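Asks: One structure, pasted below without further comment.
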Amino acid sequence: MPDLQQRELRDAVTGHPLVEAAFGLAHDLLGGLSSRWRHTRGVAHRAATAAAAVPQTDRPVLVAAAWLHDIGYAQPLRRSGFHPLDGAWHLQEHSWPEPLAGLVAHHSAARFVAAVRGLAGPLRAFSAPRFARGPLADALTYADQTTGPDGQVMAVEDRLAEMLRRHGPDSPNARVHPQRAPAIRAAVLRIEQRLRARR
1 MPDLQQRELR DAVTGHPLVE AAFGLAHDLL GGLSSRWRHT RGVAHRAATA
51 AAAVPQTDRP VLVAAAWLHD IGYAQPLRRS GFHPLDGAWH LQEHSWPEPL
101 AGLVAHHSAA RFVAAVRGLA GPLRAFSAPR FARGPLADAL TYADQTTGPD
151 GQVMAVEDRL AEMLRRHGPD SPNARVHPQR APAIRAAVLR IEQRLRARR
């Protein structure tokens, strides 16, 4: 990895107050959930490696969102049972920066699943377009959808197949897969292209 990319990675991950605070909250909420915590750590690492694909000012936001993207799975935060929304509500109610709540709400094309779960209305509270589309949203989706449940790097197709097995054929995830999967694939491809262009 060239020296510039190594420095960008280090700067995106360490020392920034927002990233440190996000790590602390994620650890407090998910640290006791071994598999979920391993996935979260893996996603944060993948987000750091993808940081070069977003503007420099957005890099701490990306890595912080990666640490926080699954906090809605923590039992104390569960309200709707839809972890992107439950995590986003918690961040919003505790005055975290708006982009973090929005990115958590929309990560990995959550809008498709929210629609079939009857949660499209609440999700609209986090409606800024950049939360669902654009380099920052794409990079968070890339990080989540190329990281397996135990934190291992996975190809996006393997990750999508694993998700369908885990949630089951009658799940909301499976019902929206024909619409959601292309959106995820496209986000991953855009980030891969942006990273290649930076080399």
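When we follow the UniProt record's numbering, the leftmost residue of the sequence shown carries the number 1, and every step to the right adds one.
Ideal Cβ positions, reconstructed from N, Cα and C, are used throughout, including at glycine.
These numbers come from a predicted model, not from an experiment.
If you reduce the DSSP assignment to three classes, tell me which class residue 146 lands in.
Replies: Residue 146: coil per DSSP, three-state reduction.
Asks: Quick check: the Cα distance between residue 66 and residue 144, rounded to an integer number of angstroms?
Replies: Straight-line Cα distance between these residues: approximately 8 Å.
Asks: With H, G and I counted as helix, E and B as strand and the rest as coil, what does DSSP make of residue 54?
Replies: Three-state DSSP puts residue 54 in coil, outside helix and strand.
Asks: Do residue 22 and residue 40 have their beta-carbon atoms positioned less than 8 Å apart in this structure?
Replies: No, these two residues do not count as a Cβ contact at 8 Å.
Asks: One question on the structure: do residue 123 and residue 91 come within less than 8 Å of each other, judged by their Cβ atoms?
Replies: Going by C-beta atoms, residue 123 is not nearer than 8 Å to residue 91.
Asks: Helix, strand or coil for residue 63 per DSSP?
Replies: In this structure, residue 63 counts as helix in the three-state DSSP scheme.
Asks: Note down the Cα distance separating residue 62 from residue 18, rounded to an integer number of angstroms.
Replies: Roughly 10 Å separates the two Cα atoms.
Asks: What are the boundary residues of the alpha helix (DSSP H) that includes residue 78?
Replies: Segment: none, residue 78 is in no alpha helix (DSSP H) and carries neither H nor E.
Asks: My assumption, with CB atoms under 8 Å, is that residue 183 sits in contact with residue 64. Please give the rounded CB distance.
Replies: Wrong, their Cβ atoms sit about 23 Å apart, outside the cutoff.
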